[in-house]
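Remarks on the structure that follows.
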Amino acid sequence: MALTDLEIAQATEMEPIEKVAAKINISKDALERYGKYKAKIGFDTLNALKDEDDGKLILVTAINPTKAGEGKSTTTVGLGDALNLLNKKTMIALREPSLGPVFGLKGGAAGGGYAQVVPMEDINLHFTGDMHAITTANNLLSAMIDNHMYQGNELNLDPERITFKRCLDMNDRTLRRVDIGKGARVNGIEREDGFNITVASEIMAALCLAEDLMDLKKRFGQMLIGYSKDGKPVYVKDLKCEGAMAMVMKDAILPNLVQTLEHNPVLIHGGPFANIAHGCNSAIATKAALKMADYVVTEAGFGADLGAEKFLDIKCRKAGLHPSAVVIVATIRALKQHGNVAYEDLKEENVQAMLDGCANLAKHIDTIEQFGLPYIVAINQFESDTDAEIEALQNWCKENNHPMSLSQVWAKGGKGALDLAEKVIELTDQPNQFAPLYDEKDSIENKIEAIATKVYGAKGVEFSQEAKEQIEEFKQHGWDKLPVCMAKTQMSLSDDPKVMGRPEDFVITVRELRPSLGAGFVVALTGSILTMPGLPKHPSALDMDIDENNRITGLF
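Take 1 as the starting number for the sequence shown in my numbering and just add one per residue.
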């Protein structure tokens, strides 16, 4: 019986974090250690790197995810290990997992099999406390807002137009809409509120696009908290609590250094959801890694329609990044599911269904080509993949001139991606014409239309009456000149999670817009996307345990 990801991680002897840091020329005195195997790197060290040349940035993305799994983080880790095996000084930059998916259904974000980041249990649980700091900063602001109204409401805030929500790093559907301040007046002003999951908090988005702590404090001040009774926007700076919020984040803003199973350095920092927020690790971590390594492998959440689009249109634009290559991950199992094979039948050979599912892969390839970037398709191989399916997929890629590599990182670690690594190196040597898909100074409607038609393949966009009114209001405040962050289901190119493959002749419906001014973008909510997920019928938490020796079981 195959070992679980957790068992593989627990069987690995980790190197002291000082030894890992030495590989990227970071002295032990520059580390703020969290035990033996985790550390933060301070700004004194990061600022000293600013004059170093940048390495080459490699983005790992994927097709639309399915229940069958794609292995994007696993491929990212395995590719980083493979590049190091080829004696290329390489770092990996990943997002921090959210406890919601960890205890829910999706799982963590530390890779899998023999392509993992460790200490796996710590990373998937509390890690260095960054998520808790974000939750605290968010809820500090919420408490300050309600206290301000209770203590006299000098800013004349309208309790019915408070837009900033509380947050919790857990899937809890019952908190989507709540009534607060019920009962006696000493309990505060009665109003309707709600919770986002922490990774959907604007605090998280601002953290991941900030340059440093002072920039983060400035971003906090720019956040919208709601409107006054005469309709004027009210910001955090009006409430004068951005300093306290930044103080809470003084450690969380520092990137976290850990290691792969093969003892290569990894920075894990920040973790906004890609179906709600912008789905990329912090700009601070990515830019630091580029100064410390010749190659940096990073990933963006879900498929190229979400994480990659936001990485390229938002993060690269705001952080001044220029990627050198893109890896598009797919599995034969997932392609068959996009070809309308039921999940329980995926182990059965079905070449035609797989080829039908390649339509989804083709659209994601098309998206990356529109950004002007070289790419390669990485097929994350499973034991159930047959020779006929592999040959058919290789022929499909060859006939359509798509570079491709079979990857076996789950089973073999870095050795399973040596061919992929060699081909990626060749791609990064090519000049490219990378450019975002739209001008951020264009109208909100045109920016959303560009994403929907060019990336999703939609024939157009419909805006609800509420969204139309919000667009007009945003224009008055100058918020319409910001990039757009689409909140859309990850399961489909459309805004309907049940539609797989490559849908055609569909319309994207934008029901609501939210200004995320601290992050520096406008969020467009489509379909039935929710900013607070719920738990499934059988949450993963039911299969988890810990014994008297502190040994964890059931964590993937």
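Glycine residues also receive a C-beta, built at the ideal position from the N, C-alpha and C atoms.
Spatially closest choice to F521 from Q408, F311, I529, N432, by CA coordinates: Among Q408, F311, I529, N432, the Cα nearest to that of F521 belongs to F311.
Whole-angstrom C-beta distance between G80 and W410, which should lie under 8 Å: Contact between W410 and G80 is absent: CB atoms are separated by about 14 Å, not below the 8 Å threshold.
For R317, the three-state DSSP class (helix, strand or coil): When DSSP states are grouped into helix, strand and coil, R317 belongs to the helix group.
DSSP bridge partner residues for M404 (one or two, in chain order): Per DSSP, V377.
Limits of the unbroken alpha helix (DSSP H) element including R166: Careful: R166 lies outside any alpha helix (DSSP H), inside the beta strand (DSSP E) at 166 to 168.
Spatial distance of E473 from C280 (CA atoms): Each residue's Cα considered, the two are about 29 Å apart.
The ligand HEM heavy atom lying under 8 Å from the CB of E440: As presented, the structure is devoid of all ligands, the ligand HEM included, so that no description of it is given.
Touch test, the segment 514 to 531 against the segment 539 to 546, Cβ-Cβ under 8 Å, three pairs minimum: They do not touch, by the three-pair rule.
Where P101 falls, given that 16 or more other Cβ within 10 Å makes a residue buried: That one is buried.
Selection from E548, M532, T553 that minimises the alpha carbon distance to V178: For the set E548, M532, T553, the Cα lying nearest the Cα of V178 is the one of M532.
Completely contained beta strand (DSSP E) runs for the segment 139 to 221, where each covers 3 or more residues: Listed in chain order, the beta strand (DSSP E) elements of length 3 or more contained wholly in the segment 139 to 221 are 157 to 162, 166 to 168, 178 to 180, 191 to 193, 195 to 197.
Where S540 sits in the DSSP three-state scheme: Here S540 carries a helix assignment [DSSP, helix/strand/coil].
Straight-line Cα distance separating A184 from V296: Cα to Cα, the separation comes out at about 56 Å.
Bounding residues of the beta strand (DSSP E) (the contiguous stretch that carries A304): It is not in any beta strand (DSSP E) - A304 carries neither H nor E in the DSSP assignment.
4 or more residues per run - each alpha helix (DSSP H) lying fully within the segment 73 to 140: Correct list: 99 to 103, 120 to 124.
Residues that DSSP places opposite D545 in a beta bridge: Beta-bridge partners of D545 (DSSP): T553.
For Y227, the three-state DSSP class (helix, strand or coil): Here Y227 sits in strand by DSSP.
Residue closest to P272, alpha-carbon to alpha-carbon, out of G226, R219, A200: When each option's Cα is compared against that of P272, the closest is A200.
N-terminal and C-terminal residue of the alpha helix (DSSP H) that E512 is part of: Secondary structure note for E512: it is in no alpha helix (DSSP H), and the uninterrupted beta strand (DSSP E) holding it is 507 to 516.
Alpha carbon of L346 to alpha carbon of Q408, nearest angstrom: Going from the Cα of L346 to the Cα of Q408 covers about 19 Å.
Nonlocal neighbours in the same chain, by C-beta distance under 6 Å from Y343, ignoring five residues either side: Excluding positions up to five away in sequence, the list reads K67.
Residue range of the unbroken beta strand (DSSP E) whose run includes Q490: Taken as a continuous stretch (DSSP letters only), Q490 belongs to no beta strand (DSSP E), as it is neither H nor E.
Limits of the beta strand (DSSP E) - the one that V455 falls within: Segment: none, V455 is in no beta strand (DSSP E) and carries neither H nor E.
Option nearest K23 by Cα separation, candidates E262, E389, A417, D505: Comparing alpha carbon positions, the residue from E262, E389, A417, D505 closest to K23 is E262.
Spatial distance of V236 from F220 (CA atoms): A straight line joining the alpha-carbon of V236 with that of F220 spans about 7 Å.
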